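Trainee:
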Amino acid sequence: MVRIFFVIISFIGLINAQEISSSVSTKNISITESIIFTIKISDVDENPSVDISKIKDSFSIISGPNIGSEYRFVNGDRTSSRSISWTLIAKKHGMLEIPSLKVNIGQKTLITEPHKIQVSKQTADQATKDLFLEVKVSTNEAYVGEQIKLTYTFYTRVASKVLSTEFPEYNDFWVEKLFDPVGIQFTPESWTDIEIDGYNYKSLKIYEVALFPIEEGIYNLESMIMKIETKNKDSSFNRLFWDDPFFDTFSQRTRAKLLVSDPVSIEVLPLQNIPENFTGAVGDFTLNSSLSNSNIDEGSPVVFKVTLKGEGNLSNIGRPKIVFPDDFDIFEGETKIEKNITDDFSGLITWEYNLIPRKDGSYIIDSIEIPFFSSDTKSWKKALSKNINLNVNKSTIFDISDKEILNSNSNLIRYIRIGEQNWISSSKFKIQNSIFFILFIAFILFIIPYFESSFRNLRRYIHQYIKLNNALNNSLKNLDLSHSIYEDGIKIIKKYFNQKNILSSRNIDITSLKSILKDKIKSNDFDAISKLLDEFQAKSYSQLKDDKDEENIKKSLKKILKRIDEYV
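Heads up: take any position in the sequence shown, counting from 1, add 2, and you land on this note's numbering.
(1) Let me check understanding here. Comparing Cα to Cα, which of E553, K560, A444 and F438 lies closest to Y498?
(2) Taking only runs that begin and end inside the segment 76 to 145, name each unbroken beta strand (DSSP E) of 3 or more residues, in chain order.
(3) Going by alpha carbons, who is nearest to F333 out of W353, S348 and G349?
(4) Measure from the alpha carbon of K582 to the alpha carbon of each residue in T89, L441 and Y355, then state which is nearest.
(5) Below 8 Å, can you find three or more Cβ-Cβ pairs linking the segment 61 to 69 to the segment 25 to 35?
(6) Work out the CA separation of E218 and K56 for me, nearest whole Å.
(7) Confirm, please, whether the CB-CB distance from D362 to V325 is below 8 Å.
(8) Between E148 and S381, what straight-line distance do the alpha-carbon atoms span, to the nearest angstrom?
(9) Which partner residues of P265 appear in the DSSP bridge assignment?
(10) N173 to K493, Cα distance in whole Å?
(11) On the DSSP letters alone, give me the boundaries of the beta strand (DSSP E) that D299 sits inside.
(12) When the Cβ atoms of the segment 262 to 281 are set against those of the segment 299 to 311, are three or more pairs found closer than 8 Å?
(13) Can you tell me the Cβ-Cβ gap for L135 and R159, rounded? I've got them flagged as a contact below 8 Å.
(14) Have a look at G314 and K338 and give me their C-alpha separation to the nearest angstrom.
(15) Starting from the N-terminal side, write out each stretch of the beta strand (DSSP E) that is 3 residues or longer and does not extend beyond the segment 294 to 355.
(16) Just the C-alpha distance for F330 and A473, rounded to the nearest angstrom, thanks.
(17) If you count every other CB in all the chains shown that lies within 10 Å of the CB of F443, and 16 or more means buried, which is it?
(18) Cα-Cα, which of D53, S85, T81 and L534 is closest to N68?
(19) Below 8 Å, how does it come out for the segment 386 to 393 and the segment 367 to 374: are there three or more Cβ pairs, yes or no?
(20) Can you pull the DSSP bridge partners for F287?
(21) Identify which residue in K229, G70, V270 and S267 has its Cα closest to the Cα of L260.
(22) Helix or strand or just coil, what does DSSP make of A385?
(23) If you pair each beta-carbon of the segment 197 to 211 with each one of the segment 101 to 119, do three or more pairs fall below 8 Å?
(24) Given this structure, state the Cα-to-Cα distance separating D529 from I562, to the nearest angstrom.
(25) According to the neighbour-count rule (16 or more other Cβ atoms, all chains shown, within 10 Å of its Cβ), is G320 buried or exposed?
(26) Please state the DSSP three-state secondary structure of Y488.
(27) Using the C-alpha atoms, what's the distance from I268 back to P373?
(28) Just to confirm the assignment, what range does the beta strand (DSSP E) spanning I518 have?
(29) Can you tell me whether DSSP reads A212 as helix, strand or coil?
(30) First and last residue of the beta strand (DSSP E) that includes D195?
(31) Exposed or buried, E555, counting other C-beta atoms within 10 Å across all chains shown (16 or more means buried)?
(32) List the whole-angstrom C-beta distance separating I119 from A92, where the pair is believed to meet the contact cut-off of C-beta under 8 Å.
(33) Mind checking who L357 pairs with in its DSSP beta bridge?
(34) Let me make sure I understand the geometry here. Which of A283, Y157 and L293 has the alpha-carbon closest to that of E197?
(35) Hey, G301 and S397 are a contact pair by Cβ (cut 8 Å); roughly how many whole angstroms apart?
(36) By alpha-carbon positions, which one of F169, P215 and L534 ends up nearest to Y209?
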């Protein structure tokens, strides 16, 4: 009993003997300096686990955790301890705190003490150090969607080599890279000579981005962190220092150093009095529109292009709102963006439309208006295009109904002419037959007005009958003739349901198409069609083609249409 009591006392003493301490290498640093935070636990043989997520609010972790062990034997008694350390960089200046952290050892939890760190701004003396990292921001105040340019430059007066770079993340911005060092091999010619406050430096642009804020608010951007290896100055080194300063083989007298750019704070202001037809353009732009052909026959397609050119958030601008003539079938085409990133983010965006006029006549496509928020004047402006004239000639062969039937490669109508033609001379007609023929024609012309409406209805009925019964054949043949199911699939589906009188027009978007089909076809067929429509829309302009995959999709769509045709 006594032995058990002493064992329990010894065990309790062992647990209570575990001690925890934490420390920092310094409590006063500048924004460009790092500190080492260390946690030490005594009388422990296993590695503890620490949740340091609270630290990341104020500090960036450069390295760690680095774990060390220590064993001692004193008068035959063995003691052990564990230490964990991290190298930290402050994200902002001011009085920052490393909060109390929970350290788990098995089933036991220990708590560290908090540490306050005074972080000062970069001073003028520090700005004239041997090497530093600078960030330049085009503006600290911008509107939603307005471009903000950040440029990071490395300056040095000693032989230096970049070991690693930690690039910032801009979670609340649309980001376009203007200069990215990834994949670039720097040479001595990449560096630029510059004088700062009487000191000669070598400078190298490290990174440059254009940011486009998505929402209003105040944002504190992360700093860029670089790990540099430098070579100590050697007074016995007589040759010209800058002969080969950055890419020579370093001597043994080297040391690593961390460089941190100053933090950047940006205030994003909301856009006010937004026009109804605003599609997201912020910057400075001009607008132009054009037709591939201004003189065509009815039923012939023509490409209409709208091009917005300028400097701003090109990738975030939606299609303009355009009112086309009522007699046109409209199909949205490609959206092309050409970027020029030599300086600010500029270029042009082109929206294409495929137009098919269904009636002859002279048409005017009215001037298009795209409102944008000007970065220069901080006010609303409009980019306007000119009116476009289009002349549509009447077809002299067929009317619109005949052309649709014949162009569909119908199997229901065949025109066959067999044998040689016997031409009859008018001299063989006798006078009696001529008089009878003229009277017969006059009688026909007399009674036609009484049956005109009946003939028109009969013709319309026949046309609808042919159209309904030929819809599946047309779709199957169009699938066989298609060179790209991703480009033609949506059109084929729309045409099929239009010929089945489920759609009143083919000039509708996919969302409207799905809404109509949902109540017209069975749920399993609707799910299959919806999946294909989404896939066609996503890949319609992809340049990656897989012929085997397209053939499988064609077979699948044929089965679905055949299944639907049995009950629609």
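Ideal Cβ positions, reconstructed from N, Cα and C, are used throughout, including at glycine.
Fair warning: this is a prediction, and the values are worked out from it, not measured in the lab.
Mentor: On the basis of the supplied data:
(1) Nearest to Y498 by alpha-carbon distance, out of E553, K560, A444 and F438, is K560.
(2) Here the runs fully enclosed are 79 to 92, 96 to 100, 104 to 107, 110 to 113, 117 to 122, 133 to 139 and 143 to 145.
(3) Ranked by Cα distance from F333, the first of W353, S348 and G349 is W353.
(4) Residue 582 lies beyond the range of the chain shown here (3 to 570); nothing can be said about it.
(5) Contact annotation: the segment 61 to 69 does not touch the segment 25 to 35, with fewer than three C-beta pairs closer than 8 Å.
(6) Their backbone Cα atoms lie some 26 Å apart in a straight line.
(7) No.
(8) Each residue's alpha carbon lies about 12 Å from the other.
(9) Among the bridge pairs identified by DSSP, P265 is matched with none.
(10) Between N173 and K493, the alpha-carbon positions lie close to 39 Å from each other.
(11) For D299, the uninterrupted beta strand (DSSP E) run begins and ends at N297 to D299, by DSSP.
(12) Contact check between the segment 262 to 281 and the segment 299 to 311: fewer than three CB pairs, one atom from each, fall below 8 Å, which does not count as touching.
(13) Cβ atoms of L135 and R159 stay farther apart than 8 Å, at about 14 Å.
(14) Approximately 16 Å, taken between the alpha carbons.
(15) The segment 294 to 355 contains these whole beta strand (DSSP E) runs: 297 to 299, 304 to 314 and 330 to 342.
(16) Their Cα atoms are separated by approximately 22 Å.
(17) The residue asked about is misnamed: residue 443 is Ile in this sequence, not Phe. Exposed: under 16 other Cβ atoms inside 10 Å.
(18) Measuring from the Cα of N68, the nearest candidate turns out to be S85.
(19) A contact is defined here as three or more CB-CB pairs under 8 Å, and the segment 386 to 393 meets this definition with respect to the segment 367 to 374.
(20) According to the DSSP secondary-structure assignment, F287 is paired through a beta bridge with G312.
(21) L260 has its Cα closest to that of K229, out of K229, G70, V270 and S267.
(22) A385 falls in the strand class under three-state DSSP.
(23) No: the two stretches stay apart, fewer than three of their Cβ pairs being nearer than 8 Å.
(24) C-alpha of D529 to C-alpha of I562: approximately 11 Å in a straight line.
(25) Label assigned to G320: exposed.
(26) Assignment of Y488 by DSSP, reduced to helix, strand and coil, places it in the helix class.
(27) Whole-angstrom Cα-Cα distance: 25 Å.
(28) That residue, I518, is in no beta strand (DSSP E); its alpha helix (DSSP H) goes I512 to L519.
(29) Correct three-state label for A212: strand.
(30) Per DSSP, D195 belongs to the beta strand (DSSP E) from T194 to I198.
(31) The sequence given here places Ile at residue 555; Glu does not occur at that position. With 16 or more other Cβ atoms from the protein chains shown falling within 10 Å of its own Cβ, I555 counts as buried.
(32) With 8 Å as the limit, I119 and A92 qualify as a contact, their Cβ atoms being about 7 Å apart.
(33) Answer is V304 and I332.
(34) Minimum Cα distance to E197 is reached at Y157.
(35) Their Cβ separation, rounded to whole angstroms, is 7 Å, which keeps G301 and S397 in contact under 8 Å.
(36) Ranking the options by Cα distance to Y209, first place goes to F169.
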